[in-house]
Every structure is written in structure tokens, then in C-alpha cells.
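For the sequence shown, this note's numbering gives the first residue as 12, with consecutive numbering after it.
All C-beta atoms in this analysis are idealised placements derived from N, C-alpha and C, irrespective of residue type, glycine included.
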Amino acid sequence: MEKKSISFGKRPRDPMVKRVWKDIWRDRKRYFMIMLMLIATIGFVSGMYVANNSMLDTLGKNVDLLKRESGHFQLSEKADEATLSAIATGELADVVTVYRERAYSEAEEEVQKAVDEAMEEQVADSVRAAITEQVEKAVDEQLEAARKMGQDITSEARQSAVESALEAAMSENYDKAYNDAVKQAKESEDYEKALDEAREKAHEEIDKKIDEKYSELSERYGLDEKFDPVPVTVYELFYKDVEQKKASGGTTSTVRVYDQRKDVDLYDIIKGRAPENDNEIIIDRMHADNAKIKVGDRLSVGNAEFDVVGLAAFVDYSALYESNTDTMFDSMTFDIAMTTDAGFDRIRSNTRANYAYKYNKAPADEYEEKEMSDHFLKSLITQVAASDEEDLEIKDYVPAYANQAMSFAENDLGKDKAMGGVLLYILTAVLAFIFAVTISTTLEKEASVIGTLRASGYTKGELLRYYMSAPLIVVIIASIIGNVLGYTLFKDVIVDMYYNSYSLPTYKTIWTPEAFVKTTIVPIVIMLIINLVVIIRTLKLSPLRFLRHDLKRSKRKKAIRLPKWKFFGRFRMRVFLQNIPNYLMLFVGITFVMLLLSMAVGMPETLSYYQDNMGDSMFAKEQIILSTTEDEDGNIITTDNPDAERFSMTSLERKDKTYNEEVMVCGIVENSRYIKLAKDYCNNADENTVYISKAYADKYNVKKGDTIVLSEKYEHKEYSWKVYDIYDYTAGITVFVSNENFNKIFDKDEDYFSGYISNSKITDIDEEYIANELTEDDMLKIARQLDHSMGSYMVYFQYVCVIVAAIILYLLTKIIIEKNERAISMTKILGYDDKEIASLYLIPTAIVVFISEFITIYIGYKLMALFWKLMLMSMSGWFEFIMPFSGYVKEFVMVFAAYIIITIIDFIRIRKIPKVLALKNAE
């Protein structure tokens, strides 16, 4: 009989593949919620990456395209061509030689004068003595002759005759004799020798003083360092700061008007055209949007009126910082404008001698840029010091890398991108854990099926792929849809947000591989790893354990003995104890939501509190800083305002590895009406003790008795002070000293002052002499700008947080109910109605949510306060993160309202659980 080989045939296609899609459809509500959150988050973050990278690419290209400056400096007055040419060389000037030549030149006249006076005095004495001697001799001869003739000559008669003859002789011969003697003396070797000796002595004293002065200067600025010249091209970029408003009326703002820009710091016309005559002007697009100014409007700019012909984005003002030391830019009340040269001349105001410069050889990287900037600053300092214009001073110096008007927007875009990525990964991890809990619950429910499949020959790998399929399919679909939305809808949303905050140019969308990796690959990997760990850990169990539903790794413990409560109370406690892992996951989810809500609710509250209380926190409603304390005639600039009080002010830096913050140092007059320092301090404190503002103390954790160290911004000079006490001033990072100590510390004259402070407006000081005017409105710019940029979005974000909370609560409570479906079904068989069953399973969850909210509200606030402090540590200024009681209530109500909605859904879900479920797979 012929043997026939047995053919097993081709293994049929894995039927579990079809089951994956059926499972997804069966749990479509859960997967839809998760997919919805992932799509929204991935889409938003992807759009953020695309918008960020596209805008950053445009900003980077505009550095060369629009000829952005390498930095700028401001001088006390317009420099002559010789000085500008010397500055452009980037070389260190020989300050010692210049100082010495100046001093020698000034001393030469004094030396000559001193020697001449000494010589002339000596010659005068000699001539007078010689004439006197000759006169006396002649008179005595005449008197002797008279005596011989018998005349009696008294001594009085002799004296009278001598005086009379001397007067006549002096009148007749002195001038000629004196001039001849002086001429002869000046031609003598003794005169030259005396002149040389006096000159040498004067030069020795000059050299000693100059050596001491240069030694101090060199130590402060590090001028002894040898470096290659840093040649630059210098451009005039003069401007005038004046008031601006619509000619038809409206809000007044400050505008910085430049004359025609042609060679440096150009602009991108967003709408309209460039000015062509002296009646036309272009302004910043961002400010125009905020102030409701359109092309064609007529503006009052200082004393002149202009027609707006264009809206532009200036390459050196992507963020509208009025001063580089401002805490925050202000696009609401500060504007940038440009007109023609003739239009610029029409505006009557103090012209600031501002100069932009560009390196002739561009730096290779930011490190070389920093080094070149430091070297150029040293060159600038020496060249200005060596200038023939002896009164010329450096008023400001800002390299491009340190210019907040250029770098803040760019840096902020990068921070937004990083924060968006962190939020995406946190949310992905939360959802991945929800997936893992869901799968874990599914594995428990399908333990018998899994055991049967394993016993039937299905490998762990096949089951692993099956249970991994649904989460990966969901996250892949969400990633694809999210990226599509990111490049379309969300990208435009993000761009509009940035245009609402910054003065950005027209951009071009670019493909961003980084967005694909971080919003698609990374979430898939996170989802894969978390679910892989959970599933592999469970599948390690034997098929028999699955068939027995024995999936717990720890040995079965005795049930916890509960107090003799009523049945419902004991039952609810059992439900809680059985679902502790799920409730822990619920706690984590609520913590995440509360952190987001703390930002969404707390930021508007903080800004509102800051704006409402700024007037009370300022020590005076108006502060005027003078550009000079003397007018053109040399008279001290005064005011008739009876509220005005003199004060002194300078700025130092608190240096740190991450951020150097400018600190204002104020000198306060004795018995000040505005800043009340302790009398003991004013009377007894030395130069080494100071007050600091509460804002300083809070930001840097400084206490009474601590030592603070501040440095000169452009000098290598440090000041170390002991904190005498903390002054209740929250509007700025400030140090207070008595005016007497201020003048001693900073080597000022006894009557030195910087300006006036007052609670009423000072109107009798000419604008020409005002360098800066600080009012309550100026102090509010940070809160006003943040409120404008983010305030409205925070309201929307609150609603988003409620939706996120609802989805997380929905997913986690759904897992809890599904895990107890069989028990719920059994209670129905035992005769309990839906309301009673709902009270058994929903009340424990409600209590957990209620308690979790109380705990996580505090945790969320503390985390947000920490993030807030970290954010402000990289910015100038300080104000605390404020969360009033009403904010806590609002957070609690919003999350609990979301839970109530989910509770209704859960109650409907419980009602739909059939009784027959308890009879299925009964063992």
C-alpha cells in the first residue's frame, strides 16, 4: 500500500487581525476620545513647530536680507567725523598718550605763566632796586654839593627829594628798563633752565595722576588685554522720542521716530509703501493693530502731523522694547516710525545721537560674537575717551545678541516650542498609561480567551502584536491627522498668536522634519514602550494562570477587615480598595489638569491684581530723569511743582550665570515724603549698608542681614553691600541708599541729583532736558502686554482644560465601571435598582475626585508658582504669581462640573449593563 504524505496546508491568515478593527469599533467611544485629544495636542504642537521654525527661518534670513545691525551705541552728542572714523577702526586708542598730551598742553600755558610771573617779579624787583639806587646816588650828590654851599639839609628833605626824583625816574625810565630786562632775561640760559625745571616737575605730577587714572580705567574695562582690531562700519541712526496720537483724537502713545533708513536696519513693508515726502510716515504694524491705526490715517507726532502710508516690521524691533532694560516690551503704548530726512527735521524734540554698527567680518558663531562685542566695547570706550570732543560720553551700548528688541521674540518662539513639546509628551504619557490600564483591564476580562489561545498554539508575540495594535493604530491615525492639521489650521492659529504679540515680518512656511519626529515618532515610541511593558509583564504568566483568571503576581492576601458599617458603606469601601490603581491614575490626571488650570486661571488673576495695585506699590506717580541737570546757561534745572523732590539714580547689574539683571540704585534725600527710610539708617548707616525692595528680596530670596553684590555694567567694578532692611516696594528690583551715601559711593558732588519724583505731573521742565519719564502707566506695560498677548487665550484655555478634564475623567471612570461590569450585573440580579447600584460605584469615585481636587489644587498652584518663578528668573523685574480664593473656587467648580457631566454618562452606562452578563463565563 502506497504511503501518502500528510499535508497540513498553508496556515490561514491570522483571524485576530480582523478582530483588532472589531475591538476598535466596539470601544469606539474610548478610542475616539483618546484620538480626539491626541489629534488636538499633536496638531497644536505640530502647528507650533511649523510656525516656529518657519518664522525663525525668516528672522534668520532677514539678518542679512534687511541688513540688521551688529549692535548700536548712543553718545551724549553727535560725534565728529574724526571720532567716528577712529571708532570704525575697532582699535584701542592710546588713551595714556592722549591724556598726557592734553594735560601737557593744558599745563604748558600754566608752566609758562608761572615761570614768567616769577621771572617778571624778580626782574621788576631788580629794575626797581637799580633805579632806586641810581636816584639815591644822584640826590645824595646834589645834597652834598648843597651842604658845601652852606645849606642845611634835613633827613626829611632828603627823603622827600629822593621820593620825588624816584617817582620821576620810574615814570620816565622804568618801563623801558623793565622791558629790556625781561627781554634779556628770556634770552638767558637761566630762564630756559628754570622753564625746563618747572616743565619737568609739572610733567612728573601729570604722569603720576594719569598713571593712577589709567590704571583704574584699565582695571575697570580690562583695557590691558591685547586683541586684534574689530573693524566696523558705523551708521547714523538718530531718533526722537515724542508723543503720538491720531489727529482726530484717541489714546496717546510714545513713538520713536527715525529718519530715512537706507544702509542698515531696514524694514519689511507689510501693507502700503515707504514714505516719499516730509508729510508721510510709516509705523510698526503691531502697534498699528493695537491702536486701530490704518494706512491713510493722519497722526499727530510731536509738534507735526503726518499721513500714515505704510505699516512695517522693522528688523531691529521684532519686540517693541522702549529700553533694553525694560521688563517687558510694550506694543500698546510704544511705537516705531520712520519718515524722510525732511520729515524728521520737522519734529521738534531732543535728537538722540544713536549709531548702529556692523562688523566688517561677521562672527563665526555666538561665542565669537560675544568676544568681538566685548573687544569693540573696549575700543569704543578708549576712542571716545581719546576724542578731541572732551565732553563726549557713551550713554548706551547694546550688542545685537543682548538686544531684547531683536532677540526676545526669537527666544520666546524657541521656549514656546520646548514647552509645547513637554506638554505633548506629558499628555501622551498620561494617555499611554490610560491605554495601559485599559489593556490591563481587557487582559483580565479576556483571561480565559487568552489562556485558550495560548493553549491552542498562539505565541506570546502574536498576542503581543494583537493587543499592541489598537493603541498604535489610534496614535498613528491621530499623528497623521494631527500633522495635517498642524500644517494647515493650527499653523495659522499659532502664527496669528505670534502676530498678535510681536512685530514679525512676512514669513514662508517650510517643511519641518523636527515637527514630524517630535509630534509623531516620539509619541508613538512613548505609547509603544509603556504599553509594551504592561502587556509583556502580563503575558509572561502561564496559560493555566490565564484560564484560572489568576493574573495577580502577589500572593492573594486576606481581605481587609472593615468596620461594622452599613452594607452600602462597606460595599463602597470594597469598590475603592479594588480600584486603588485606577484611582491613583485618576489622581495623576487631575493633577495634570489642575496644573494647566492654575496657569489658565492664575495668570489673568495675577495680571489683574498687578494692574489694580500698581499705583499703590509705586513710591511716586511720576519720575523724571534728566539728561543734564544744567540748562544752556549753566543754571540748575528746577521745578516750581511743590510736590517734586530730588533724587539720584544709577543702574548696576546683578550678574548670574544664566541672566544678568539690571538693578536700579536710588539715592533718597533725608526726610523724603515718598521713600521713608528709617531715621537710624539715614543718620548712622555707612556706605556699606542699603535697603532693598521687596521685589528684590522675593525674587532672589534675600533676607535682612544678607550681603548682595552688584557690578557696573560697562566696568569691572563691584559693590558689596549688607542689607539693612527690606523696603515695601514691589514695582521694581531696586536698592535704596541715602543721598549722601549715594554721592560717596559713586564719587558724585555733594549737590548731585538725577531728576525729580512727584505725585503730581511736572510740567515746567523743557522736554529737551528730559531723558526719561516714568509713570504708573509705564510700570504697567508688562502686565498690559502679557494680558493683551495671552489674556484672551487664557479664557479659551480654561475651556480646553475643562474638556481635557472631562475626557480624562470619562476614560478612567469608564475603566472602573468596565472592570466591575460583572459585579454590577450581579447586583441587578439581586434586586438592586439602578440608582442604588450607581450610588455604590459612583459615590466612591465622586469622593476620590472631590478629595483629589482639594489636594491637586494646592499641588497645581505650587508647581505653577515654581514655573512662574523660573520664567521670571530669565526676565527683568518681578511680581508674584497670585491665586485668589475665587481662583481656587473657579478651578474646583470647573473640574467638578466636568465630573458631573461624566457622572451622568456613567449612570447611563450602568443602566445599560445587562443582567445576563453575570451568568456569562461563570466559573
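Give the range of the beta strand (DSSP E) segment to which T350 is assigned.
Per DSSP, the continuous beta strand (DSSP E) segment holding T350 begins and ends at 345-350.
Is the CB-CB distance between V533 and Y368 below 8 Å?
no
In the DSSP output, what is S749 paired with across the bridge?
I679
Go to D318, then tell me how far its beta strand (DSSP E) extends in each direction, as first and last residue.
Counting along the chain, the beta strand (DSSP E) containing D318 begins and ends at 315-325.
By a C-beta neighbour count over all protein chains shown, 10 Å radius and 16 as the cutoff for buried, is Y378 buried or exposed?
exposed
Expressed to the nearest angstrom, what Euclidean distance is found between the alpha-carbon atoms of E147 and K194?
26 Å
Going by C-alpha to C-alpha distance, which of L618, L552, D917, A396 sits closest to D105?
A396
Pairwise C-alpha distance: I703 and N752:
15 Å
Give the DSSP-derived three-state secondary structure of T661 in the structure shown.
strand
Buried or exposed by the 16-neighbour rule on C-beta atoms within 10 Å, applied to Y513
buried
Would you check if the segment 652-659 and the segment 760-778 touch, i.e. whether three or more CB-CB distances between them fall below 8 Å?
yes
Enumerated in chain order, which unbroken segments of the beta strand (DSSP E) with a length of 3 residues or greater are wholly contained in the segment 539-567?
none
Since N365 is in the beta strand (DSSP E), which residue starts that stretch and which ends it?
First-last of the beta strand (DSSP E) with N365: 362-370.
Can you give me the C-alpha to C-alpha distance between F658 and N750, rounded to a whole angstrom?
7 Å
Classify S182: buried if its beta carbon has 16 or more other beta carbons within 10 angstroms, exposed otherwise.
Taking all protein chains shown into account, S182 has fewer than 16 neighbouring C-beta atoms within 10 Å of its C-beta and is therefore exposed.
Where do the N-terminal and C-terminal ends of the beta strand (DSSP E) with E729 fall, by residue?
729-738
Where K901 sits in the DSSP three-state scheme:
helix
Look up F84 in the DSSP assignment and give the residues it is bridged to.
Y366, Y408
Between the segment 605-616 and the segment 899-909, do at least 3 Cβ pairs fall closer than 8 Å?
yes
Quick one: residues in its chain with C-beta nearer than 7 Å to the C-beta of I916, no 5 flanking neighbours on either side, listed in chain order?
Y821
In the structure shown, what three-state DSSP assignment does N494 receive?
If DSSP states are grouped into helix, strand and coil, N494 belongs with the helices.
Taking the C-alpha atoms as reference points, what is the distance between I679 and R665?
A straight-line Cα-Cα distance of about 21 Å links I679 and R665.
Residue from Q415, N301, I484, E236 with nearest C-alpha to E382:
E236
Run of the beta strand (DSSP E) containing G766, from where it starts to where it stops
Per DSSP, G766 is one residue of the beta strand (DSSP E) stretching across 766-769.
Assigned secondary structure, N184 (DSSP; H/G/I helix, E/B strand, else coil)
helix
Among V734, V74, N699, M59, nearest to Y707 - alpha-carbon criterion:
V734
Taking a contact to mean a Cβ-Cβ separation below 8 Å, would you say T856 touches I601 in this structure?
No, the pair does not count as a contact, with Cβ atoms beyond the cut-off.
Assuming I827 and N590 are in contact, meaning their beta carbons sit under 8 Å apart, how far apart are those beta carbons, in whole angstroms?
5 Å
Alpha carbons only, please: which of S334, D346, K89 is nearest the one belonging to Q415?
Of the residues S334, D346, K89, the one whose Cα lies closest to the Cα of Q415 is S334.
Would DSSP call F19 helix, strand or coil?
Low local confidence applies: a pLDDT of 49 at F19 is under 50, so the model's placement there is unreliable, and no value is given.
As assigned by DSSP and simplified to three states, the class of Y518
Y518: coil per DSSP, three-state reduction.
Should W879 and I744 be called a contact, given that it needs their Cβ atoms to be closer than 8 Å?
At a Cβ-Cβ threshold of 8 Å, W879 and I744 do not count as neighbours.
Own chain residues within Cβ distance below 7 Å of V517, not counting five before or after:
A quick correction: the sequence has Thr, not Val, at residue 517. Correct list, in chain order: D279, I281.
P286: buried (16+ other C-beta within 10 angstroms of its C-beta) or exposed?
buried
With a threshold of 8 Å on Cβ separation, who are the neighbours of R30 within its own chain once the five nearest residues in sequence on each side are excluded?
Excluding residues within five positions, the ones whose Cβ falls inside 8 Å are Y477.
Span separating the alpha-carbon of F19 from that of G468:
At F19, the pLDDT of 49 sits below 50, so the modelled position is not reliable; the number obtained from the coordinates is stated separately. Each residue's Cα considered, the two are about 15 Å apart.
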